[in-house]
Amino acid sequence: MDQSAHQHLSCALLLLLLASLLCSPARASVITFDGTPNDSSAHVARANQQLLNTTLNSLMPGDTFVVPANTTYYTLGGIYVYSRTNVTVQVEGTLAFSDDIRRWPTDSSGDVLECLFFSSCQGLVLRGAGRATKGVLDGQGSRWWGIPGIGYLVRGENRPRLLHLSHCSNVLVENL
C-alpha cells in the first residue's frame, strides 16, 4: 500500500471512530433528589419545589430520578415538567405537598397550580419503591377538601390535582 492510500485509510478510520463516538447514546444516569428532607417549613417547601422543577426538567433520555427511601420531602405544588422522553421518576420515600393553602402557588387568574404536571412527555415511568413498600405522593387532600360538603362550597374546583398528564404518551404509573 502506498503512502497516499495509507493516509486515506487512516483518515477514514479516524472519521469512523469520531462518528461512532458522536452518535453513541449518552449514558443513563440515576439522579437522587438532593432537597432538604424532613422539614415542613415554608422556605424549605419552596426550595424543594424549585429544585424539583429544575432537576426534573433537566432529565435526559434514560435517566432515573429517585426520591430516597425513609425520607419525607415537603414541597409546594406547581411542579411542571415539559417534554421529557424515556425518563423514570422513582419515589421510594414520600413527597408531601404543603397543606398551607395561603402559600400555594397560583396562576395569573388566582387558580391553584397542580401538584405534579407533566406535559408532552413520552415514555414516562412514575413508580414507587416496589411491591412490598410503596412510594407516597401525599397531596394533603383532607386540608383542601375541609369539612365534608362545606369544603367544596368554599373552594369549588379550585384545589390542586395530585397528578395531571397533558399530551403524554406511553406512561406507566405503578406502586404509588
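Each residue of the sequence shown is one higher than the last, beginning at 1 in the working numbering. We put the beta carbon where it would ideally sit given N, CA and C, even for glycine. For clarity, every value in this text was computed on a predicted model and none was experimentally measured.
According to DSSP, simplified to helix, strand and coil, what is residue i?
i      : result
Gln122 : strand
Ile147 : coil
Val171 : coil
Leu76  : coil
Gly128 : strand
Ala179 : Outside the shown range of the chain, which is 1 to 176, sits residue 179, and nothing can be said about it.
Gln90  : strand
Quick check: the Cα distance between residue i and residue j, rounded to an integer number of angstroms?
i      : j      : result
Gly177 : Ser29  : There is simply no residue 177 to check, as the chain begins at 1 and stops at 176 in what is shown.
Met60  : Arg159 : 31 Å
Thr106 : Thr36  : 23 Å
Gly128 : Arg143 : 24 Å
Asn38  : Thr55  : 19 Å
Ser108 : Gly93  : 33 Å
Cys115 : Ile150 : 23 Å
Arg177 : Gln140 : Given a span of 1 to 176 for the chain in the structure shown, any question on residue 177 remains unanswerable.
Leu95  : Gln50  : 14 Å
Ala42  : Arg27  : 36 Å
Ser40  : Asp138 : 13 Å
With distance defined between alpha-carbon atoms, name the residue in the options nearest to residue i.
i      : options                          : result
Tyr82  : Asp138, Arg161 and Leu52         : Leu52
Asp34  : Leu113, Val171, Thr75 and Gly139 : Thr75
Val171 : Asn57, Arg84 and Thr54           : Arg84
Ile31  : Asn57, Val154 and Glu157         : Asn57
Ala179 : Ser98, Val136 and Leu153         : Because the chain in this structure spans residues 1 to 176, residue 179 falls outside the shown range and cannot be described.
Asn175 : Val136, Ser40 and Leu113         : Val136
Query raised in the report: Below 8 Å, can you find three or more Cβ-Cβ pairs linking the segment 89–104 to the segment 118–127?
Result: Contact holds: three or more Cβ-Cβ distances are below 8 Å.
Query raised in the report: Below 8 Å, can you find three or more Cβ-Cβ pairs linking the segment 110–120 to the segment 157–175?
Result: yes
Query raised in the report: Counting pairs of beta carbons, one from the segment 98–106 and one from the segment 54–68, are three or more of them closer than 8 Å?
Result: no
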